[in-house]
Amino acid sequence: MKYNQYNNYSEQLKPKPIFNLNYYKDDDNYSDGDVENQILQIIAENKPEDYTKAIAKNYSWPVYYHLTRTRRNLLNWYDFEPESEVLEIGCGFGALTGLLCDKCKSVTAVELSQRRAMGTLLRCREKENLEIIVGNLNDIEFTPKYDYITLIGVLEYQGRFTDSDHPYRDFLAKIKKLLKPEGKLLIAIENQYGLKYWCGAGEDHTGVPFDGMNQYLYTNQGIRTFSKEGLKKLIHESGFEHSYFYYPMPDYKLPTTIYSEDYLPEDENMQNVRCYYAKNAHTLVANENDIYKDLVENHVFEFFANSFLVECAGVEDLGNILFASLCDERQPEYQLGTKIYRDKIVKKFSLSQTGVSHIRQTAANEKTLKDRGLLTLGSKIVGEELETPYHEGELFEKVFVRACRAGDEEQAVYLLERLYVDILSSSETVPDEDNILYALHPELKQEQINYGPILKNGYLDMTFRNAFVSNENLLWFDQEWMLENVPADYIIFRALGTVYFSYRDINDTVPIERIIEKCGLKDSWSGFKEIEKLFSSSIRDELHIKEGAGFTQVDSERIIENIKKII
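Numbering (the numbering used here), first residue to last: 131 to 697.
In structure tokens, the structure reads:
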């Protein structure tokens with residue numbers, strides 16, 4: 131058996147899952163190279179909750195990709211039946227395996243690479259409801275039928291691993307036979323026509339820009355992805371009568387937001403989406419962030435979405451959840467997700483085992499606002515989740531943005547003043563000397579800056595984004611954060627910062643500097659930045675990724691140079 135060092139780890143750690151090598155053919159040619167030995171060592175020597183620190187110490191793109199908790203966002207919002215049996219095809223290093231074990235009765239994980247399968251074994255060493263089978267799915271004989279089967283980043287390789295004239299169709303047809311009559315298949319795959327590819331990013335599997343759009347004619351590696359309609363047709367031809375499409379953003383690998391065919395983005399502000407480029411960013415000729423507004427307005431988002439997550443079944447009971455947003459860049463106890471159900475219920479849930487108290491604090495904050503006479507949507511705790519009725523009204527943020535885009539500075543100031551009325555009503559005040567800024571920087575007392583009323587309890591999420599407009603009233607929701615002894619003007623600072631960051635074009639018609647000056651916030655602005663720095667540092671647990679490690683943000687100068695080369 132290979133990898134004796136990790137077999138020794140296995141002997142020491144005594145993992146509980148079953149490790150089945152009966153179908154293994156000594157074929158580990160699917161690999162990221164020797165860095166996988168480092169990944170195995172990190173898994174063996176750390177618990178999953180400590181991976182973030184280990185990633186920071188040993189950063190490379192493969193280490194980050196295989197071990198980041200963001201991978202779990204693809205399915206941590208999905209409502210698996212608790213008593214279900216799951217077949218996970220292509221588990222890799224177990225990025226999703228532990229999650230499936232936590233949500234379901236039993237998991238059978240299949241992995242072609244023994245090294246990666248060993249990583250899953252060590253990563254899930256405490257899971258007693260897991261069997262890991264090493265080998266090619268096409269060679270394995272399965273006796274049971276499954277409630278769910280997952281194909282995450284697997285279908286695209288079947289031109290290489292399935293010996294057939296129609297490998298993709300026949301592979302899916304074989305999988306369908308492994309499902310129970312009402313079972314569901316979950317497929318995650320890149321979109322052949324994803325927007326990042328139009329922007330020049332290399333194709334995820336071949337590294338060649340525009341390879342998928344050129345129908346893979348110049349690579350022919352037995353790997354391919356599909357358009358939405360192409361994938362839908364393939365699924366139907368494979369025997370699945372029904373399918374439902376989700377759109378993980380920015381893609382299925384590192385998703386932070388999940389849209390669906392019944393809940394598409396309304397504008398370019400796709401909340402919590404972080405676009406990235408893992409490789410071949412030097413070929414970019416456009417910034418995808420600048421294009422989404424036009425795609426949404428022209429109703430072609432689905433064609434250009436970077437990835438698909440598809441529910442496939444012989445029954446029509448699909449798409450129960452319409453939307454999910456996952457906030458995982460915080461400390462574990464503050465990591466929350468939100469999901470919107472077809473039956474018009476919104477649920478906020480914890481992404482970690484330590485986040486339930488934060489859910490309860492959010493409910494308590496909303497109750498306090500209601501007790502002080504403000505209007506709320508009426509959330510309630512159900513089990514370990516916060517449930518809120520879905521509201522069809524217009525967000526206060528939309529109203530403010532519309533006024534700014536119309537160049538109506540007077541209306542923008544009026545809306546800000548309307549927001550301020552509710553902020554002042556949310557709490558009693560305390561003496562000026564109790565200002566949290568003075569606790570942070572005592573020397574500021576000497577500057578005699580007017581920081582405005584000091585709230586005993588400042589509800590930091592009283593921003594444009596967290597209120598609906600109803601008959602001139604504001605309906606508040608999602609009030610996660612409360613900080614004591616903060617200036618009411620600081621909450622205005624946060625409201626302005628959020629909306630101007632999300633809709634950068636409004637600064638052209640109603641400059642934020644003018645708003646700051648009209649509202650008398652110019653002198654206090656730098657002090658509010660200090661409070662924000664304290665607040666952000668206390669809740670965030672973000673792993674900063676450097677371009678030198680193969681992960682880069684858009685470089686506008688590089689894009690311009692690439693365009694010049696094309697011309």
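For each residue, glycine too, the CB sits at the ideal point set by N, CA and C.
Just the Cα atoms here: how many angstroms apart are residue i and residue j?
{"i": "I148", "j": "D164", "result": "26 Å"}
{"i": "M248", "j": "C405", "result": "31 Å"}
{"i": "S236", "j": "I270", "result": "18 Å"}
{"i": "L267", "j": "N419", "result": "38 Å"}
{"i": "T559", "j": "G582", "result": "10 Å"}
{"i": "S455", "j": "P311", "result": "31 Å"}
{"i": "K648", "j": "E547", "result": "11 Å"}
{"i": "G289", "j": "D341", "result": "16 Å"}
{"i": "F301", "j": "L308", "result": "11 Å"}
{"i": "A494", "j": "I553", "result": "17 Å"}
{"i": "R595", "j": "V629", "result": "8 Å"}
{"i": "C221", "j": "E241", "result": "6 Å"}
{"i": "R502", "j": "S557", "result": "8 Å"}
{"i": "L516", "j": "S632", "result": "26 Å"}
{"i": "W611", "j": "A533", "result": "28 Å"}
{"i": "D653", "j": "R644", "result": "13 Å"}
{"i": "K362", "j": "I172", "result": "39 Å"}
{"i": "R255", "j": "E141", "result": "11 Å"}
{"i": "D608", "j": "L664", "result": "21 Å"}
{"i": "F453", "j": "I470", "result": "5 Å"}
{"i": "G513", "j": "A597", "result": "25 Å"}
{"i": "Y589", "j": "Y389", "result": "29 Å"}
{"i": "E333", "j": "N450", "result": "32 Å"}
{"i": "E261", "j": "L251", "result": "9 Å"}
{"i": "Y377", "j": "A443", "result": "18 Å"}
{"i": "M131", "j": "K146", "result": "Note that M131 has pLDDT 40, beneath the 50 cutoff, so the model's placement of it is unreliable and the number below is only indicative. Rounded to the nearest angstrom, the two C-alpha atoms are 19 Å apart."}
{"i": "N137", "j": "K233", "result": "28 Å"}
{"i": "K187", "j": "L170", "result": "15 Å"}
{"i": "K155", "j": "T292", "result": "15 Å"}
{"i": "E181", "j": "T227", "result": "Note on identity: in this sequence residue 181 is Tyr, with Glu being the wrong assignment. Answer to the nearest angstrom: the Cα atoms are 15 Å apart."}
Report the option in the options whose CA atom is closest to the CA atom of residue i.
{"i": "D277", "options": "K314, N615, E691", "result": "K314"}
{"i": "K423", "options": "N188, R634, E647, L281", "result": "R634"}
{"i": "H571", "options": "K659, L590, I645, P385", "result": "K659"}
{"i": "N637", "options": "D653, K187, S555, G537", "result": "G537"}
{"i": "L545", "options": "E602, T238, E563", "result": "E602"}
{"i": "L448", "options": "E391, A239, N495, L525", "result": "E391"}
{"i": "N399", "options": "E141, S140, L525, P519", "result": "L525"}
{"i": "D458", "options": "R201, L516, N150, G337", "result": "R201"}
{"i": "G650", "options": "V629, I622, S667, S666", "result": "I622"}
{"i": "N417", "options": "L325, I451, V338", "result": "L325"}
{"i": "L613", "options": "L585, K275, Y189", "result": "L585"}
{"i": "K177", "options": "F272, Y189, Y464, T198", "result": "T198"}
{"i": "L384", "options": "I317, Y194, Q578, P462", "result": "Y194"}
{"i": "R624", "options": "G657, F598, V415", "result": "G657"}
{"i": "S699", "options": "D209, H196, S509", "result": "Since the first residue shown for the chain is 131 and the last is 697, residue 699 is missing from the structure and cannot be characterised."}
{"i": "N580", "options": "L549, V551, A618", "result": "A618"}
{"i": "Y189", "options": "Q168, Y382, A174", "result": "Q168"}
{"i": "A408", "options": "R490, I305, G337", "result": "G337"}
{"i": "V476", "options": "Y464, Q465, S509, V445", "result": "S509"}
{"i": "W606", "options": "T273, Y346, I511, L499", "result": "L499"}
{"i": "N150", "options": "F272, Y346, L414, D473", "result": "F272"}
{"i": "L281", "options": "Y327, R253, A331, L230", "result": "L230"}
{"i": "N152", "options": "K528, Y346, G265, S482", "result": "G265"}
Measure how close the beta-carbons of residue i and residue j come, nearest whole angstrom, since I'm counting them as under 8 Å.
{"i": "E539", "j": "V440", "result": "46 Å between Cβ atoms; not a contact."}
{"i": "I319", "j": "S437", "result": "7 Å"}
{"i": "D507", "j": "H521", "result": "According to the sequence provided, residue 507 is Leu. The question's Asp does not apply to it. With a Cβ gap of about 6 Å, L507 and H521 count as contacting."}
{"i": "I279", "j": "L204", "result": "Not really, about 15 Å apart at Cβ, beyond 8 Å."}
{"i": "P395", "j": "V426", "result": "5 Å"}
{"i": "N615", "j": "N692", "result": "The Cβ separation is near 51 Å, so there is no contact."}
{"i": "E258", "j": "H335", "result": "35 Å between Cβ atoms; not a contact."}
{"i": "P462", "j": "T484", "result": "5 Å"}
{"i": "W207", "j": "G467", "result": "5 Å"}
{"i": "Y550", "j": "F433", "result": "With 8 Å as the limit, Y550 and F433 do not qualify as a contact, their Cβ atoms being about 43 Å apart."}
{"i": "R460", "j": "R670", "result": "6 Å"}
Examine chain C for any beta-carbon lying closer than 8 Å to the beta-carbon of residue i, and answer yes or no.
{"i": "I489", "result": "Of the chains in the structure shown, none is chain C; there is only one protein chain."}
Examine the ligand COA and report whether any of its heavy atoms sits within less than 7 Å of the Cβ of residue i.
{"i": "K146", "result": "Absence of the ligand COA is noted for the structure shown, with no ligands found whatsoever."}
- [ ] For the region 345-356 and the region 368-380, state whether three or more C-beta atom pairs, one from each stretch, are separated by less than 8 Å.
- [x] no
Task: Contained beta strand (DSSP E) runs [length at least 3] in the region 228-309, N- to C-terminal order - done: 236-241, 260-264, 276-282
Task: Contiguous beta strand (DSSP E) assignments of at least 3 residues, all confined to the region 335-367 - done: none
TODO: Any chance you could list the beta strand (DSSP E) runs of at least 3 consecutive residues sitting entirely within the region 502-572, in chain order?
DONE: The region 502-572 contains these whole beta strand (DSSP E) runs: 510-512, 515-519.
- [ ] Report the residue ranges of all beta strand (DSSP E) runs contained in full by the region 592-670; include only those spanning at least 3 residues, in chain order.
- [x] 597-600, 603-606, 612-617
- [ ] Counting only runs of 3+ residues fully inside the region 181-223, write out the beta strand (DSSP E) ranges in chain order.
- [x] 215-219
Task: Segments of 4+ residues assigned as alpha helix (DSSP H) that fall wholly inside the region 393-477 - done: 422-427, 431-434
Task: Those runs of the alpha helix (DSSP H) which lie wholly inside the region 134-173 and span at least 4 residues - done: 134-143
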